[in-house]
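Going by my numbering, the letters in the sequence shown line up with residues 2 to 582, in that order. One structure below.
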Amino acid sequence: MGDNYRELSPVEPVLRKPLSKGKMVVFTLITVLLLLGFLEAFLRVAGFGGVPRLFVPVLEMGQQKIYRSSNDALWLYFGNKFKGGAQLVGSTVPERIAMPKPPGVVRVFLLGESTVQGFPFPPNLAAASFLQRFLQQRMPEGRNVEVINVGITAVASFPLRYVADEVLKFSPDLLVLYAGHNEYFGAFGVASTQGVGTRPWQMALALAIRTTGLYNAILSVVRKLPAADQANEMTGRSGLMAMMSAKELIGPKDPLRKLAEESLSANIGYITQAAKRASVRIIICSLTSNLRDLPPIRNIEPSDANSDEWRAEYVQAEALATSAPVEALERLRKAARLEPDHAATRFLLARVLEAAGKTTESLTEFQAARDADAMPWRATTQFNKVLRNIANSENVPFCDVDAAFLTDSGGPPGWGYFVDHLHPSLQGQAVMAWAISECIGQSKSLELKDIPKPKWQDTGRKLGDNRLTEWNVARRMTSLFGGPPLDSDKASARFWSDQTRQLMEGAAPFEKRAMESYNAALAQGSVGPTIPFFGGQEALKDSLFREAAGYFRCAEFEAMPFTPERLISGYYFRYSRFRGR
Numbered sequence: 002m003g004d005n006y007r008e009l010s011p012v013e014p015v016l017r018k019p020l021s022k023g024k025m026v027v028f029t030l031i032t033v034l035l036l037l038g039f040l041e042a043f044l045r046v047a048g049f050g051g052v053p054r055l056f057v058p059v060l061e062m063g064q065q066k067i068y069r070s071s072n073d074a075l076w077l078y079f080g081n082k083f084k085g086g087a088q089l090v091g092s093t094v095p096e097r098i099a100m101p102k103p104p105g106v107v108r109v110f111l112l113g114e115s116t117v118q119g120f121p122f123p124p125n126l127a128a129a130s131f132l133q134r135f136l137q138q139r140m141p142e143g144r145n146v147e148v149i150n151v152g153i154t155a156v157a158s159f160p161l162r163y164v165a166d167e168v169l170k171f172s173p174d175l176l177v178l179y180a181g182h183n184e185y186f187g188a189f190g191v192a193s194t195q196g197v198g199t200r201p202w203q204m205a206l207a208l209a210i211r212t213t214g215l216y217n218a219i220l221s222v223v224r225k226l227p228a229a230d231q232a233n234e235m236t237g238r239s240g241l242m243a244m245m246s247a248k249e250l251i252g253p254k255d256p257l258r259k260l261a262e263e264s265l266s267a268n269i270g271y272i273t274q275a276a277k278r279a280s281v282r283i284i285i286c287s288l289t290s291n292l293r294d295l296p297p298i299r300n301i302e303p304s305d306a307n308s309d310e311w312r313a314e315y316v317q318a319e320a321l322a323t324s325a326p327v328e329a330l331e332r333l334r335k336a337a338r339l340e341p342d343h344a345a346t347r348f349l350l351a352r353v354l355e356a357a358g359k360t361t362e363s364l365t366e367f368q369a370a371r372d373a374d375a376m377p378w379r380a381t382t383q384f385n386k387v388l389r390n391i392a393n394s395e396n397v398p399f400c401d402v403d404a405a406f407l408t409d410s411g412g413p414p415g416w417g418y419f420v421d422h423l424h425p426s427l428q429g430q431a432v433m434a435w436a437i438s439e440c441i442g443q444s445k446s447l448e449l450k451d452i453p454k455p456k457w458q459d460t461g462r463k464l465g466d467n468r469l470t471e472w473n474v475a476r477r478m479t480s481l482f483g484g485p486p487l488d489s490d491k492a493s494a495r496f497w498s499d500q501t502r503q504l505m506e507g508a509a510p511f512e513k514r515a516m517e518s519y520n521a522a523l524a525q526g527s528v529g530p531t532i533p534f535f536g537g538q539e540a541l542k543d544s545l546f547r548e549a550a551g552y553f554r555c556a557e558f559e560a561m562p563f564t565p566e567r568l569i570s571g572y573y574f575r576y577s578r579f580r581g582r
């Protein structure tokens, strides 16, 4: 053996043997996963990731903690998407909750979307506030009721699963669920720009990714990038509706319709079962909307086979609707047979039937027009069937809010009960709240006394309704109907423009100054005080102490508890009342 000879160690042949391609892939994947795991752990320690809480502690009072709802938790459902520099996130009412729950308190959570939040009204005039007042009037002596408003802007029902899981930890006695209008275009909707799939498992996977430290770390870097426009477009409902819609036309036969129904069923079913596991009573509500005065937003164009014949009948019927309603009715019925999914045809047919006194038939057509709307921002008849089926299968009370609106209005509800396509007017807020309180009493979900139905106007005044708030609502709705997708409805735009003008013309001089000051503050992009506070300030300038006290009282009602706004409004209320004696 030569000088180059050396003895191999027993392990050297094994070390020199190359890994197979399959083993190399597995080894690489394990290495990457371990590195990601270490990185994720490091980022979590550094404060990134995790599930943000909707209710965060803000104050300790002895053994009690006060929790406040926070909008910071809602970016999770919107993915922090940017458009022109604006961060799309929802909003919720800044409620306060004490834990442990004080003795003698009955706690009710009203859970849902912007309808529950009360848009476009302030929290003190939302359905939750009406419900709290109605329930308190019906409570046995010595018990106090809290109705916590958990309405979140622009979310579909999937995010409400996680919200429900959280609120069930705050000792509720009852959970009331009013949700389902946003299944297409809300965050995690099946046709939303903030959508992440059409199946619950896809949504759950996307949400899990968004809670990772790595995702949050990347997001923190993105937030620091310069943006051309920092205005938050969520402040404008019209801009919000246009921005949330990934698909404008969703006809009655579109597969997304079935997917939306399945998503709603899965999510409401999940929330119902979670409440039952927590031994918390739950009520599921049907959904209602503006049938009479809100035309369909979009239409599916007629098929080529029927296009000419349908168009001839529809155009002539439009021209004859006022002068010759009988002939128009026959032509519209023929047009509806030719194109049953054309929403505008069904809506005009409903209007003509109503004018002819055919109330029952007109209601059916108004509902068909809503259901055929190719931009379904309103829950359909089928959605209410889904909700009722869940209530029946889970053996929980079903509150038919839709039927309550039909009964109260004596027919298809319109402007008297809604301010747009689905958000209730002040009267509508009261109707919704009373229907829920009646369902609570009849189902014995809570022990309630029977009382006569209060007048909604009286309750509204006691909660802080006033002329300036009415003007502000009308102003906001004028803006809503001035932009897409509702700007095609010229009649509604004129209606709200007229309402705004009439309220301003009927205002006192100090109220007009308050309107102007409020508009000026809006133009500057920063409004601190509420519109009633502006009214109180302007009334004080004219030494109108009684009027000032009224507006400062409304401002106090509108401000949340434990806030400087409430304390300051309360001080000026008492000062004005004292000076006005």
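We treat Cβ as the ideally placed atom computed from N, Cα and C, and that holds for glycine. Remember, it's a predicted structure, so these values are computed and weren't measured experimentally.
| Check | Outcome |
| --- | --- |
| Alpha carbon of residue 56 to alpha carbon of residue 353, nearest angstrom | 50 Å |
| Reference residue 363, options 208, 346, 244, closest by Cα | 346 |
| Limits of the beta strand (DSSP E) - the one that residue 65 falls within | 65 to 70 |
| Rounded straight-line distance, which links the Cα of residue 561 to that of residue 575 | 18 Å |
| Between the CA atoms of residue 163 and residue 433 - distance to the nearest angstrom | 25 Å |
| Spatially closest choice to residue 274 from 424, 397, 483, by CA coordinates | 397 |
| Assumed close pair residue 133, residue 151 - CB separation to whole angstroms, cut-off 8 Å | 13 Å between Cβ atoms; not a contact. |
| Proximity winner among 531, 400, 307, 413, relative to residue 356 (alpha-carbon distances) | 413 |
| Cβ of residue 155 within 8 Å of any chain C Cβ | Considering every chain present, this structure includes no chain C. It has just one protein chain. |
| Residue 180 beta carbon less than 8 Å from that of residue 113 | yes |
| Residues that DSSP places opposite residue 60 in a beta bridge | 67 |
| Extent of the continuous alpha helix (DSSP H) run through residue 147 | No alpha helix (DSSP H) holds residue 147; the beta strand (DSSP E) holding it covers 145 to 152. |
| Outcome for residue 429 when other beta-carbon atoms lying within 10 angstroms are tallied against a minimum of 16 | buried |
| Separation of residue 260 from residue 466, as counted between CA atoms | 41 Å |
| Cβ-based neighbour list, residue 339, same chain, cut-off 8 Å, excluding 5 preceding and 5 following | 303, 307, 310, 311, 314 |
| Presumed contact (8 Å Cβ cut-off) between residue 389 and residue 287, rounded CB distance | 7 Å |
| Cβ-based neighbour list, residue 128, same chain, cut-off 6 Å, excluding 5 preceding and 5 following | 430, 433, 434 |
| Which of helix, strand or coil DSSP assigns to residue 364 | helix |
| Own chain, CB closer than 6 Å to residue 378, minus 5 neighbours either side, in chain order | 422 |
| Straight-line Cα distance separating residue 193 from residue 235 | Confidence in residue 235 is poor, its pLDDT being 40 and thus under 50, which makes the residue's placement unreliable; the coordinate value appears in the next sentence. Rounded to whole angstroms, residue 235 to residue 193 spans 15 Å at the Cα level. |
| Segments assigned alpha helix (DSSP H), at least 4 residues, entirely inside the segment 84 to 138 | 115 to 118 |
| Three-state secondary structure assigned by DSSP to residue 515 | helix |
| Start-to-end residues for the alpha helix (DSSP H) that takes in residue 315 | 308 to 321 |
| Collapsed DSSP secondary structure at residue 582 in the structure displayed | coil |
| Sequence ranges, beta strand (DSSP E) only - wholly within the segment 142 to 201, length at least 3 | 145 to 152, 175 to 179 |
| Status (buried if at least 16 other CB within 10 Å, exposed otherwise) for residue 183 | buried |
| Outcome for residue 582 when other beta-carbon atoms lying within 10 angstroms are tallied against a minimum of 16 | exposed |
| Residue 282 in three-state terms, based on DSSP | strand |
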